[in-house]
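In the numbering used here, the protein residues as written are 257 to 696.
Below you can see the structure in the form of structure tokens.
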């Protein structure tokens, strides 16, 4: 099986950490095409053109339709078979707007998983993440403001001194800018162990400039203009945090990794063969309401299949206990599920430190959460709070009162869906109020 680029990065990091103890280890990365998925900016700007000019050229354009570099938008306009006159007008408007403060702040989105990757390295002892970009120095303030706003929900922050920018104009000698950035950080005492960039020409310049350092070159295989990466470069485009973690002991002490959806024999076997401590299971009653089973969807929403088999909560808990692991119980219903869960963890002598309960407020209600808090006072007791979004945006003080009420029920952790459109605002607000919060 092919080794993922993130796994190669993890191996490189471990090797450098062993060979250069005490040195400041630095991962360098490009911004556009490596952290920022520029397709979003292209799409949002073209939609904005339609709105501003009362046209409908791009009303059917979707993210997956965009496969050109931000410097080659004219090719996209040609593919859409727009007239030469329209293309000229649109392109001029696009080039004028694409690096405006509004576009940088409001229209840029990160690749999925990239900020988790950055946060992972920022959490490591004596390890740093730096940025080397072809963007001109005039965009420093807007660039930092945008990246740090995007990074807030992930606790990612870039300081001014960790950003190296182009001292010239746009597109002026970008490969040389990358080399200058590398030298800049090396001269400041950093040991650069890896460099991520989406443009092969930039990676070629880096390989030529520092052939003996052992620095790993990683090609973000997203959208790029040049071709042919240098020999030894590792390629990939999916930022999978799991590929960076050789074993759970590598996690910082306050980070909890849970294996999602351990609801069947196959997932249970894979989980038990791993080094992950927490197994997440979905708990509800069987069709007769007699026994607690592991199943994500209710029978009302997803009728039982003819060949469907499931694990019982009892059998799953026995396996978890036997192997000395911990369990996150996602309780999908109220009293019967709660009764069964509490009875079984008591019979099997689970410690509170090995238990993590999650349930919707409407499922357990106040009585259920208070029962859990009384029975298992040192366990994690979590509830999603996406339902508070309108209140938090309109009258945050009222939302704060609601969270205080939920804490009074015994809830000690809140969660917000990563799909939530106002994730950053909600996360920041809950965090500022001093509550423990995570993204699910």
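From the three backbone atoms N, C-alpha and C, an ideal C-beta is built for every residue, glycine too.
Note that the structure is predicted; figures quoted are calculated from it, not measured.
Point to revise | Beta carbon of residue 495 nearer than 7 angstroms to that of residue 454 | key: no
Check your understanding: residue 551: buried (16+ other C-beta within 10 angstroms of its C-beta) or exposed?
Key -> buried
Check your understanding: Can you tell me the Cα-Cα spacing of residue 332 and residue 320, whole angstroms?
Key -> 12 angstroms
Check your understanding: Alpha carbon to alpha carbon, what distance is there between residue 354 and residue 697?
Key -> Since the first residue of the chain shown is 257 and the last is 696, residue 697 is not available in this structure.
Check your understanding: Can you tell me whether residue 675 is buried or exposed, with buried defined as 16 or more other CB within 10 angstroms of its CB?
Key -> exposed
Check your understanding: What distance in whole Å lies between the Cβ atoms of residue 376 and residue 497, which are believed to be in contact at a cut-off of 8 angstroms?
Key -> 6 angstroms
Review point. Tell me which same chain residues have a C-beta within less than 7 angstroms of the C-beta of residue 539, skipping the five on either side of it?
Key: 548, 550, 569, 585, 586, 587, 588, 593, 597
Point to revise | Element boundaries [alpha helix (DSSP H), containing residue 443] | key: 430-443
Check your understanding: Who are residue 527's beta bridge partners in DSSP?
Key -> Beta-bridge pairing links residue 527 to no other residue.
**Study point:** beta strand (DSSP E) segments (min. 3 residues) lying fully within the region 514-559
**Key:** 534-541, 548-550
Point to revise | Closest Cα partner of residue 278 within the set 381, 600, 658 | key: 381
Exercise for review: Can you give me the start and stop residues for the alpha helix (DSSP H) that residue 350 sits inside?
Suggested key: 340-353
Review point. What separation, rounded to the nearest whole angstrom, lies between the Cα atoms of residue 362 and residue 501?
Key: 32 angstroms
Practice item. Report buried or exposed for residue 445, applying the criterion of at least 16 other Cβ atoms within 10 angstroms of its Cβ. Key: exposed
Exercise for review: With DSSP collapsed to three states, give me the class of residue 451.
Suggested key: strand
**Study point:** Segment limits, alpha helix (DSSP H) that includes residue 615
**Key:** That residue, residue 615, is in no alpha helix (DSSP H); its beta strand (DSSP E) goes 611-615.
Practice item. Identify, in the order they occur along the chain, each residue of the same chain with its Cβ nearer than 8 angstroms to the Cβ of residue 369, setting aside the five sequence neighbours on each side. Key: 494, 495, 496, 497
Review point. Going by beta carbon distance, what residues of the same chain come within less than 7 angstroms of residue 485, once the five residues before and after it are set aside?
Key: 456, 459, 475, 491
Review point. Which of the three DSSP states, helix, strand or coil, is assigned to residue 304?
Key: helix
Check your understanding: Looking at the unbroken alpha helix (DSSP H) that takes in residue 370, where does it start and where does it end?
Key -> 370-379
Check your understanding: If you compare alpha carbons, which of 637, 606, 378, 438 is closest to residue 412?
Key -> 378
Exercise for review: Run the CB neighbour count on residue 608, radius 10 Å, all protein chains shown included, and call it buried at 16 or more, exposed below.
Suggested key: exposed
Check your understanding: Under the three-state reduction of DSSP, which class applies to residue 694: helix, strand or coil?
Key -> strand
**Study point:** residue 670 vs residue 695 beta-carbon contact at 7 angstroms
**Key:** no
Check your understanding: Shortest alpha-carbon distance to residue 373 belongs to which of 687, 262, 522, 299?
Key -> 262
Review point. Residue 492 lies in the beta strand (DSSP E); which residues open and close that run?
Key: 490-492
Point to revise | residue 443, buried or exposed, once every other Cβ within 10 Å from all chains shown has been counted against 16 | key: exposed
Exercise for review: Count the CB pairs spanning the region 644-654 and the region 612-630 that are closer than 8 angstroms, and state whether there are at least three.
Suggested key: no
Check your understanding: Which of the three DSSP states, helix, strand or coil, is assigned to residue 422?
Key -> strand
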